[in-house]
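Novice: Sequences listed follow chains A and B, in order.
If you count the first sequence from 1, position 46 lands on 239 in this note's numbering, and the numbers rise without skipping.
If you count the second sequence from 1, position 37 lands on 49 in this note's numbering, and the numbers rise without skipping.
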Amino acid sequence: MFVSQSMTRKVITVSRQTPLVEAQALMQQHGIRHLPVVSAQNLLEGIITDRDIRSAFPYQTAKGESSRQEQERFAGMKVADVMTSDPITISPTHTLQDALLMIQESRVGAFPVVDQDRKLKGIISVRDLLRAFINVMGIGQPGTLLCVLVDDKVGQLKRIVDAITEEGISFGSVLVARYWEKDKRAVFPYLLTNNVIRVKKKLQAMGFTLLDPMKWYLDQLPKSDE
Amino acid sequence: MKKTGFLFDQRFLLHDTGPYHPERSERLSAIYQGIRDAGLMSHVSVMPAVLTDMKWVLDIHTQEYVRRFEELCLAGRRTLDSEDNQMSRDTWEAAQLAVGGVLEAARGIMAGDIDNAFCAVRPPGHHAESGEAMGFCYFNNVAIAARYFQKEWGVERVGIIDFDVHHGNGTQHVFEDDPTVYYYSIHQHPSFAYPGTGREFEMGSGRGYGFTKNSPVLPGQGDDEYRRLIEKDLLPAFRSFMPQVIILSTGFDAHQDDEMADMRVTTEGFAWIMRTMMALAETCSSGRLLSVLEGGYALERLPELGAGHVKILLDGE
């Protein structure tokens, strides 16, 4: 689960001297919102986002109502004028978990991936992380999700996994929601089958509670954290 | 009263999925008994199944897949592609009979021998992909029938309505980029039910964009939500598409007593759905309606559901 395996390797980059209008066109053309700024040696010098460009771009210009003077000023602007020159970076050997936590912490949408020499190796964005998360959840494959309420004590997951395995059912994933009601956890086995009647009955006979799907949630963080 | 075909064949019961599988032969027996006990047998044209000409199967499924199915089944393997798809040695023949029977009913409708038909077949079909068995399905009966209508009878626009509680991934994928076949499905939301597809944003691709529509339903919902979504999503779309034939992927597993999913549709709710389908067929397709069984696992409910279904086909409303 390293950044190097989930990042986008073919990065569209610009240089400090690239005109802003060109950077904007590149973003639109490729449907992306972040362009790393690199030197001729591919060393990272900054990053420019669609938001940086929008802030530089007066509203009247966007609507085509600005003065000629305004338009000329914008046409003369370079990437270096609005880029973030010391962006948060991540290394290829950081993990996806690092990236997730860093994104949550920094509220940034993408990190340039650089090696020790600050050479650009790729970019990892929220979109890349979502793809990795979809893979981990196994929801690209057909299956059925269950939600089993268990006591928060050791050994519960094994009983569930064993019971399902005995039925010859494969797992797409098993998620655990930790912040449930007091002393309880919710286990979400994603089963690669359409045939869940028997295994549901079996889990109930073992004393587990199957939750009403409309009551499922993954995180119930204390409100004060918000 | 309409002329209604009823396809049923004892050989469908030979497809043996083992002792614990929900897709079992008792399902068909229950539906048959329900229709018989309701006194409907003398009103329908009972049609036995026939083996299909394999060319129709190969219009939808890959040669590699069909050959693999035949070889593994006849060699005595118990599963195909997934543990879900339990087979016996008769499965291969049952699957060909299901397709052949459905196509015979389709022929009857186009030739004017019957107005509509209910095909009580096993194995079901709507999860079957062109190259893969999935979710108890081997040959995609409905998809094969749609192409048959087009190729053999020159039908230009076919509408498929799938109200099985699971999304018909196989059917959707076959016709995803095809603007001549409209696929509509209403099913339990894919985050809570197999196979995990059929979200609202799946609307077809390429030239077929706009000819696929999905109405996912959250768990616990019943008649009112089905009614609301069918009236909002399906009816306007089909009145504008104007299919010349309507095929139903009929599943009874959205019933409140069916343990496969978490829907609460009542027997009366299914009757409303079916009356609505009949009215839609009158509007669009001169009443031409081919209903093909998919799922439905509540053995105690299947008699009334099967009988109710056929009764509405016969009554025309």
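All C-beta atoms, glycine included, are put in the ideal place defined by N, C-alpha and C.
(1) For K271 of chain A, which of helix, strand or coil comes out of DSSP?
(2) DSSP on K312 of chain A, reduced to helix/strand/coil?
(3) Once the 5 residues before and after A319 of chain B are set aside, which same chain residues still bring their CB inside 6 Å of it?
(4) Measure the Cβ-Cβ separation of G239 of chain A and M276 of chain A and say whether it is below 8 Å.
(5) Report the CB separation of L411 of chain A from L339 of chain A in whole angstroms; it is logged as a contact under 8 Å.
(6) Any C-beta of chain A within less than 7 Å: which residues of the region 192 to 214 of chain B qualify?
(7) Applying the 10 Å Cβ sphere with the 16-neighbour rule, what's the burial state of S417 of chain A?
(8) Quick check: the region 276 to 287 of chain B against the region 227 to 238 of chain B, are at least 3 beta-carbon pairs closer than 8 Å?
(9) Below 9 Å on C-beta distance, what does G147 of chain B contact in chain A?
(10) Within 8 Å (strictly less), CB to CB, does A310 of chain B reach chain A?
(11) Give me, in chain order, the residues of the same chain whose beta-carbon lies closer than 7 Å to that of Y160 of chain B; leave out the 5 immediate sequence neighbours on both sides.
(12) Does the region 333 to 350 of chain A come close enough to the region 370 to 377 of chain A to have 3 or more Cβ pairs within less than 8 Å?
(13) Are there 16 or more other CB atoms within 10 angstroms of the CB of A325 of chain A, so buried, or fewer, so exposed?
(14) Exposed or buried, which one is M290 of chain B when buried takes at least 16 other CB atoms within 10 Å?
(15) So what's I172 of chain B in DSSP terms, helix, strand or just coil?
(16) Write down the C-beta distance between Y206 of chain B and G336 of chain A rounded to the nearest angstrom, noting that I regard them as a contact closer than 8 Å.
(17) Could you tell me which residues DSSP pairs with V304 of chain B in its beta bridges?
(18) So, at 6 Å on beta carbons, what are the nonlocal neighbours of F18 of chain B in its own chain, with the 5 sequence-adjacent residues on each side left out?
(19) Between A:D308, A:I281, A:V306 and A:K312, which lies nearest to E298 of chain A when the distance is taken from Cα to Cα?
(20) Does the region 285 to 300 of chain A come close enough to the region 196 to 206 of chain A that 3 or more CB-CB pairs lie under 8 Å?
(21) Say whether chain A places a C-beta atom closer than 8 Å to the C-beta of N226 of chain B.
(22) Which residue wins for smallest C-alpha separation from R23 of chain B, given the options B:H73, B:G113, B:E82 and B:Y77?
(23) In this structure, how does DSSP classify V392 of chain A when only helix, strand and coil are distinguished?
(24) Could you tell me which chain D residues have their CB closer than 9 Å to the CB of G224 of chain A, listed as they occur along the chain?
(25) What whole-angstrom Cβ distance do M146 of chain B and D93 of chain B have, given they're in contact under 8 Å?
(26) Would you say G232 of chain B reaches chain A, if we count a Cβ-Cβ gap shorter than 8 Å as a contact?
(27) Against chain A, with Cβ distances strictly below 8 Å, would M99 of chain B count as a contact?
(28) Could you run through the region 354 to 368 of chain A and flag, in chain order, every residue whose CB is less than 8 Å away from some CB of chain B?
(29) Taking F250 of chain B as the reference, give the member of B:A293, B:E214, B:F264 and B:G263 with the closest Cα.
(30) With H, G and I counted as helix, E and B as strand and the rest as coil, what does DSSP make of R276 of chain B?
(31) Just to confirm the assignment, what range does the beta strand (DSSP E) spanning K378 of chain A have?
(32) For E38 of chain B, does the count of other Cβ atoms within 10 angstroms reach 16, so buried, or fall short, so exposed?
(33) Could you say if the region 234 to 249 of chain A and the region 208 to 217 of chain A meet the contact criterion of at least three C-beta pairs nearer than 8 Å?
(34) Applying the 10 Å Cβ sphere with the 16-neighbour rule, what's the burial state of M122 of chain B?
(35) Where does G208 of chain B fall in DSSP's three states?
(36) Using 8 Å as the threshold, is the C-beta distance between Y196 of chain B and D174 of chain B below it?
Specialist: In this structure, then:
(1) Under the three-state reduction of DSSP output, K271 of chain A falls in the strand class.
(2) It is a strand residue.
(3) Counting only Cβ-Cβ distances below 6 Å, and skipping sequence neighbours, we find G46, I47 and A50.
(4) Cβ distance < 8 Å, so G239 of chain A and M276 of chain A count as in contact.
(5) Their Cβ separation, rounded to whole angstroms, is 14 Å, which puts L411 of chain A and L339 of chain A out of contact at 8 Å.
(6) Residues of the region 192 to 214 of chain B with a Cβ closer than 7 Å to any Cβ of chain A, in chain order: S203, F204, A205, Y206, P207 and G208.
(7) Low confidence applies to S417 of chain A: its pLDDT is 49, below 50, so where it sits in the model is not reliable, and the reading given next is rough at best. Here S417 of chain A is exposed: its Cβ has fewer than 16 other Cβ atoms, across all protein chains shown, within 10 Å.
(8) Flag = yes, the region 227 to 238 of chain B and the region 276 to 287 of chain B touch.
(9) Residues of chain A passing the Cβ test: P335, T386, N387 and N388.
(10) Judged by the 8 Å Cβ criterion, A310 of chain B is not in contact with chain A.
(11) For Y160 of chain B, where only same-chain residues beyond five positions count, the Cβ hits under 7 Å are W68, L115 and A118.
(12) The region 333 to 350 of chain A is in contact with the region 370 to 377 of chain A.
(13) With 16 or more other Cβ atoms from the protein chains shown falling within 10 Å of its own Cβ, A325 of chain A counts as buried.
(14) Classification of M290 of chain B: buried, given that the 10 Å Cβ count is 16 or more.
(15) I172 of chain B falls in the strand class under three-state DSSP.
(16) Rounded, the Cβ-Cβ distance is 6 Å, consistent with contact.
(17) In the DSSP assignment, V304 of chain B is bridged to B:C131 and B:S261.
(18) If we look at F18 of chain B and ignore the five residues flanking it on each side, its Cβ neighbours are V56, V58 and F130.
(19) Measuring from the Cα of E298 of chain A, the nearest candidate turns out to be A:I281.
(20) Contact holds: three or more Cβ-Cβ distances are below 8 Å.
(21) No, no contact with chain A.
(22) Comparing alpha carbon positions, the residue from B:H73, B:G113, B:E82 and B:Y77 closest to R23 of chain B is B:G113.
(23) Helix.
(24) In the displayed structure, chain D is absent; the protein chains listed are A and B.
(25) Between D93 of chain B and M146 of chain B the Cβ distance is about 7 Å, and since that is below 8 Å, they are a contact.
(26) It does: the Cβ of G232 of chain B has a partner Cβ on chain A nearer than 8 Å.
(27) No Cβ of chain A is located within less than 8 Å of the beta carbon of M99 of chain B.
(28) Contacts with chain B (Cβ-Cβ distance below 8 Å) from the region 354 to 368 of chain A involve G361, I362 and S363, listed in chain order.
(29) The shortest Cα separation from F250 of chain B among B:A293, B:E214, B:F264 and B:G263 belongs to B:A293.
(30) In the structure shown, R276 of chain B falls within a strand segment according to DSSP collapsed to helix, strand and coil.
(31) According to the sequence provided, residue 378 of chain A is Arg. The question's Lys does not apply to it. Start and end: K377 to L384.
(32) Exposed, by the Cβ-count rule.
(33) The region 234 to 249 of chain A vs the region 208 to 217 of chain A: in contact.
(34) By the 10 Å Cβ count, M122 of chain B comes out buried.
(35) DSSP, reduced to helix, strand and coil, places G208 of chain B outside both helices and strands of the structure shown, so it counts as coil.
(36) Closer than 8 Å, so yes.
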